[in-house]
Amino acid sequence: MSQVSSPISTLQRVLAEGTFAVTGECGPPRGADPDVVNGKIEHLKGFVDAVNVTDNQTAIVRMSSIAASAHLLNKGLEPVMQMVTRDRNRIALQSDIMGAYSLGIRNILCLSGDHQTFGSQPDAMNVFDIDSIHLIRTVRDMRDEGKDMSGHDLTCPPRMFIGAAANPFADPFEYRVIRLAKKIDAGVDFIQTQCIYNMDRFKEWMKLAREEGLTEKVYILAGVTPLKSAGMANYMATKVAGMDIPEPVLKRIAGVPKDKASKEGIAMCVETIAELREMEGVHGVHIMAIEWEEKVGEIVKAAGLLPRPEQS
Amino acid sequence: MIVGEQKTIAEIKELVAPFKKVLILGCGTCVKTCFAGGEDEVATLTSALRLAFKKDGKEIQIEELTVERQCEDEFIQEATEAIARNEVVLSLACGAGVQDIAKRFEKVPVLPGVNTTFIGILEKHGLFTEECVGCGDCKLALFASVCPIARCSKRLLNGPCGGSKEGRCEVDPAIDCAWQLIIDRLKTLGQLENLRTYVQPKDWRSSNAGGPRKLVREDHIL
Chain A
0 MSQVSSPIST
10 LQRVLAEGTF
20 AVTGECGPPR
30 GADPDVVNGK
40 IEHLKGFVDA
50 VNVTDNQTAI
60 VRMSSIAASA
70 HLLNKGLEPV
80 MQMVTRDRNR
90 IALQSDIMGA
100 YSLGIRNILC
110 LSGDHQTFGS
120 QPDAMNVFDI
130 DSIHLIRTVR
140 DMRDEGKDMS
150 GHDLTCPPRM
160 FIGAAANPFA
170 DPFEYRVIRL
180 AKKIDAGVDF
190 IQTQCIYNMD
200 RFKEWMKLAR
210 EEGLTEKVYI
220 LAGVTPLKSA
230 GMANYMATKV
240 AGMDIPEPVL
250 KRIAGVPKDK
260 ASKEGIAMCV
270 ETIAELREME
280 GVHGVHIMAI
290 EWEEKVGEIV
300 KAAGLLPRPE
310 QS
Chain B
0 MIVGEQKTIA
10 EIKELVAPFK
20 KVLILGCGTC
30 VKTCFAGGED
40 EVATLTSALR
50 LAFKKDGKEI
60 QIEELTVERQ
70 CEDEFIQEAT
80 EAIARNEVVL
90 SLACGAGVQD
100 IAKRFEKVPV
110 LPGVNTTFIG
120 ILEKHGLFTE
130 ECVGCGDCKL
140 ALFASVCPIA
150 RCSKRLLNGP
160 CGGSKEGRCE
170 VDPAIDCAWQ
180 LIIDRLKTLG
190 QLENLRTYVQ
200 PKDWRSSNAG
210 GPRKLVREDH
220 IL
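Listed in order, the protein sequences are those of chains A and B.
First residue of the first sequence? That's 0 in numbering that gives the first Met the number 0, and the numbers climb one at a time after it.
First residue of the second sequence? That's 0 in numbering that gives the first Met the number 0, and the numbers climb one at a time after it.
Structure representation (structure tokens):
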């Protein structure tokens with residue numbers, strides 16, 4: 000995690016320089032129109048260092064993350080290509096990593112993916128040939144050893160800045176830091192966490208991570224999602240897997256008039272970012288403004304995180 | 000055991016409707032234990048089918064027979080005469096039994112009356128649970144004897160995903176999180192450190208991903 004002489008990506012450079020990084024998120028459309036992606040890019044450009052492009056998130060069929068990432072590149076915005084092991088076996092995953100690199104994609108987020116039963120086609124077969132930790136190691140070995148999973152030497156190995164997710168709010172809690180350590184051992188460079196609403200629990204997780212020396216080995220980008228309304232907060236609290244929204248947070252957003260709720264949600268998000276910035280071992284923030292990309296600029300500005308460093 | 004569940008009467012009725020003489024052939028081993036295809040289920044199904052066809056004003060002749068196992072020739076032979084007397088066999092065995100009957104009697108249509116579901120156990124009365132997928136390369140020693148391939152919805156080998164909550168799987172709260180079970184048992188056994196071990200990607204060649212499997216036991220070949 001020391002200074003990197005030739006950073007792979009803007010995101011790596013920003014983090015290595017010690018700047019508090021900002022990443023955003025872009026969900027590709029349920030269709031083939033590049034203008035939908037381009038529209039989201041306009042909302043995000045200049046406000047974030049890189050943008051996660053989701054891979055059929057919530058198991059709903061969408062434009063591929065590779066193609067949408069290529070649209071970002073065309074518009075001068077750096078993608079973090081998400082890749083899940085749910086839909087592709089190891090052959091397809093490695094092939095797509097090489098293909099993505101050939102298109103100019105330099106950041107990858109390795110995930111297992113939401114289970115297909117949550118999505119629009121629950122009758123689909125899943126793959127799960129390998130898990131997310133295997134995927135991290137695969138990308139690392141491609142980059143650092145120049146070999147694919149079979150040990151075959153690659154001509155022009157893909158060099159990716161490797162990310163993974165962590166959910167400090169899932170159970171069993173005492174295992175969550177061990178899992179983070181396993182991901183670091185497998186070769187992860189940065190972590191983006193689940194959305195943080197339960198600050199006490201996140202602090203506890205960070206404390207355990209620091210005690211294990213993990214924050215010295217990996218960049219941690221804390222996840223935040225602005226709440227649009229009390230209805231959205233309740234939905235996330237009760238229906239979205241792996242989410243932890245404590246009662247006081249739900250009460251606060253429900254306590255303001257409906258037409259003021261989104262403003263309150265943004266204020267809460269900005270306050271959370273301020274708290275995260277002060278936390279030892281947090282290297283940046285990952286803003287997941289789901290179908291609300293137009294508010295990212297406002298949040299980043301209010302959080303005092305502008306201007307962003309130049310893109311590489 | 001192999002756990003199975005009898006198909007609905009409506010589906011079975013549709014399957015046998017084109018025939019006039021049907022042998023309902025039970026299997027006295029696994030599917031008997033899980034109340035899907037033993038002699039009691041053969042009798043109940045026979046009555047239900049007779050009644051259903053009678054209501055439609057349709058004549059159908061149904062014969063009942065249960066053999067010990069439909070996956071061994073020795074027992075299948077006991078059904079030879081009954082099969083010869085009928086136009087079709089409705090087998091209440093697992094998928095292996097159905098196919099073995101078809102292999103031995105190539106001119107007789109053999110229909111499945113049971114959906115074969117999994118290799119599992121009788122957890123308690125009325126509850127069967129899946130425990131094994133028959134991957135051909137048992138790694139239970141790594142996981143405190145709880146199989147993540149059979150019991151984790153994402154087949155994760157290196158710990159629980161972010162959807163484990165209070166011991167439940169995100170896919171369905173009725174499903175135990177296999178990784179919670181693994182961790183609990185490692186704790187009990189004082190082997191929690193095992194969790195830090197990186198488990199290699201699975202070599203699926205021993206599973207049916209490598210194509211249909213055969214087991215040859217030279218020492219048993221006569």
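We treat Cβ as the ideally placed atom computed from N, Cα and C, and that holds for glycine.
Could you tell me the alpha carbon to alpha carbon distance between B/H219 and B/I75, rounded to whole angstroms? Taking the second sequence and counting its residues from 1, the one referred to as residue 219 of chain B is at position 220. Taking the second sequence and counting its residues from 1, the one referred to as residue 75 of chain B is at position 76. The straight-line gap from Cα to Cα measures roughly 20 Å.
Can you find the residues in the same chain that come closer than 7 Å, C-beta to C-beta, to B/C93, ignoring five residues on each side of it along the sequence? Position 94 of the second sequence holds residue 93 of chain B. Closer than 7 Å at the Cβ level, and outside the excluded window around B/C93, lie I1, G3, C29, V30, V113 and T115.
Outcome for A/F172 when other beta-carbon atoms lying within 10 angstroms are tallied against a minimum of 16: Locating residue 172 of chain A in the first sequence gives position 173, counting from the first residue. Answer is exposed; the Cβ neighbour count stays below 16.
Bridge partners - A/C25, DSSP secondary structure assignment: The sequence position of residue 25 of chain A within the first sequence is 26, counting from 1. According to DSSP, which records beta bridges pairwise, A/C25 is partnered with A/V52.
Whole-angstrom distance between A/E211 and B/C179, CA atom to CA atom: Position 180 of the second sequence, counted from the first residue, corresponds to residue 179 of chain B. Position 212 of the first sequence, counted from the first residue, corresponds to residue 211 of chain A. It is Gln, not Cys, that sits at residue 179 of chain B in the sequence shown. C-alpha separation (whole angstroms): 22 Å.
Taking CB distances under 9 Å as the criterion, tell me whether B/Q199 reaches chain A. Position 200 of the second sequence, counted from the first residue, corresponds to residue 199 of chain B. It does: the Cβ of B/Q199 has a partner Cβ on chain A nearer than 9 Å.
Is the Cβ-Cβ distance between A/I135 and A/A185 less than 9 Å? Against the first sequence, residue 135 of chain A aligns to sequence position 136. Against the first sequence, residue 185 of chain A aligns to sequence position 186. Going by C-beta atoms, A/I135 is nearer than 9 Å to A/A185.
From A/D95 to B/C151, what distance separates their C-alpha atoms? In the first sequence, residue 95 of chain A corresponds to position 96, counting from 1. In the second sequence, residue 151 of chain B corresponds to position 152, counting from 1. So the two alpha carbons sit approximately 26 Å from each other.
By how many angstroms is the C-alpha of B/G125 removed from the C-alpha of A/R87? The count along the first sequence starts at 1 and reaches residue 87 of chain A at position 88. The count along the second sequence starts at 1 and reaches residue 125 of chain B at position 126. Roughly 37 Å between the two C-alpha positions.
Consider the Cβ of A/R87: report whether some Cβ of chain B lies at a distance smaller than 9 Å. Locating residue 87 of chain A in the first sequence gives position 88, where the first residue counts as 1. Not one chain B Cβ lies under 9 Å of A/R87.
Report, in whole angstroms, the separation of the C-beta atoms of B/A110 and B/V88, which I expect to be a contact under 8 Å. Counted from its first residue, the second sequence places residue 110 of chain B at position 111. Counted from its first residue, the second sequence places residue 88 of chain B at position 89. The sequence given here has Leu at residue 110 of chain B, not Ala. The Cβ separation is near 7 Å, so the contact holds.
For chain A, find out if any of its Cβ atoms is closer than 9 Å to the Cβ of B/V132; answer yes or no. Against the second sequence, residue 132 of chain B aligns to sequence position 133. Answer no: the Cβ-Cβ gap between B/V132 and chain A never drops below 9 Å.
Within chain B, the residues that A/F127 reaches when beta carbons sit closer than 7 Å: Along the first sequence, one-based indexing puts residue 127 of chain A at 128. The contacting residues are K153 and R154.
Compare the beta carbon distance of A/G230 and A/V284 with 9 Å and say whether it is the shorter of the two. Stepping through the first sequence from its first residue, residue 230 of chain A is reached at position 231. Stepping through the first sequence from its first residue, residue 284 of chain A is reached at position 285. It is not a contact, given that the beta carbons lie outside the stated cut-off.
Give, in chain order, every residue of the stretch 183 to 194 of chain B whose Cβ lies closer than 7 Å to some Cβ of chain A. L194
DSSP on A/N125, reduced to helix/strand/coil? For the purposes of this step, residue 125 of chain A is identified with residue 126 of the first sequence, where counting begins at 1. A/N125: coil per DSSP, three-state reduction.
Would A/Q120 be called buried (16 or more neighbouring beta carbons within 10 Å of its own) or exposed? In the first sequence, counting from the first residue as 1, residue 120 of chain A sits at position 121. A/Q120 comes out exposed.
Given that B/P159 touches chain A, what residues does it touch there, using C-beta distances under 8 Å? Looking up residue 159 of chain B in the second sequence gives position 160. What B/P159 touches in chain A: A169, D170, P171, Y174 and R178.
Are the beta-carbon atoms of A/V176 and A/L207 separated by less than 9 Å? Sequence index remark: in the first sequence, residue 176 of chain A carries index 177 (1-based). Sequence index remark: in the first sequence, residue 207 of chain A carries index 208 (1-based). Yes.
Is DSSP giving A/N37 helix, strand or coil here? Along the first sequence, one-based indexing puts residue 37 of chain A at 38. Reduced to three states, the DSSP call for A/N37 is helix.
Along the alpha helix (DSSP H) that carries A/S322, what are the first and last residues, could you check? Outside the displayed span of chain A (0 to 311) sits residue 322 of chain A, for which this structure offers no information.
With H, G and I counted as helix, E and B as strand and the rest as coil, what does DSSP make of B/P147? As a position in the second sequence, residue 147 of chain B is number 148, starting the count at 1. Helix.
Just curious, the alpha helix (DSSP H) that A/P205 is in, first and last residue? Residue numbering aside, residue 205 of chain A sits at position 206 when the first sequence is read from its first letter. The sequence shown places Met at residue 205 of chain A, not Pro. Taken as a continuous stretch (DSSP letters only), the alpha helix (DSSP H) holding A/M205 covers M198 to E210.
Let me confirm a value: A/R85 is counted as buried when at least 16 other C-beta atoms fall within 10 Å, else exposed. Which label applies? Taking the first residue of the first sequence as 1, we reach residue 85 of chain A at position 86. The residue is buried, with at least 16 neighbouring Cβ atoms inside 10 Å.
List the endpoints of the continuous alpha helix (DSSP H) containing B/T32. Within the second sequence, the letter at position 33 stands for residue 32 of chain B. C29 to T32 is the span of the alpha helix (DSSP H), which, as asked, contains B/T32.
Mind listing which residues of the stretch 279 to 305 of chain A have their C-beta closer than 8 Å to chain B's C-betas, in chain order? none
For B/E40 and B/V66, what's the separation of their Cα atoms in angstroms? By one-based count along the second sequence, residue 40 of chain B stands at place 41. By one-based count along the second sequence, residue 66 of chain B stands at place 67. Going by the C-alpha atoms only, they are around 13 Å apart.
Whose C-alpha, out of B/R84, B/G96 and B/A83, is nearest the C-alpha of B/E73? Translated into positions along the second sequence, residue 73 of chain B becomes position 74. Answer by Cα proximity: B/G96.
Taking Cβ-Cβ distances shorter than 9 Å, what residues in chain A pair up with B/V170? Here residue 170 of chain B refers to the residue found at position 171 of the second sequence. Residues of chain A passing the Cβ test: H114, T116, F117 and A240.
For B/G3, which residues in chain A fall below 7 Å Cβ to Cβ? Translated into positions along the second sequence, residue 3 of chain B becomes position 4. Neighbours of B/G3 on chain A: none; closest Cβ ~21 Å, over 7 Å.
Here's the rule I'm using: 16 or more other beta-carbon atoms within 10 Å means buried, otherwise exposed. How should A/H114 be labelled? Taking the first sequence and counting its residues from 1, the one referred to as residue 114 of chain A is at position 115. A/H114 is buried by the Cβ-count criterion.
Would you kindly report the start and end of the unbroken alpha helix (DSSP H) that includes B/V97? As a working mapping, residue 97 of chain B is identified with position 98 in the second sequence. Its alpha helix (DSSP H) spans residues G94 to R103.
Span of the beta strand (DSSP E) holding B/N193? As a first step, residue 193 of chain B must be located in the second sequence, where it is residue number 194. Here B/N193 belongs to no beta strand (DSSP E), and DSSP marks it neither H nor E.
Is the Cβ of A/Q93 closer than 9 Å to any Cβ of chain B? Taking the first sequence and counting its residues from 1, the one referred to as residue 93 of chain A is at position 94. False, the Cβ-Cβ gap to chain B never drops below 9 Å.
Enumerate, from N- to C-terminal direction, the unbroken alpha helix (DSSP H) stretches of 4 or more residues contained entirely within the stretch 131 to 206 of chain A. 131 to 143 and 172 to 185
Smallest Cα separation from A/L213: which of A/E270, A/M287, A/S68 and A/G280? Residue numbering aside, residue 213 of chain A sits at position 214 when the first sequence is read from its first letter. Ranking the options by Cα distance to A/L213, first place goes to A/G280.
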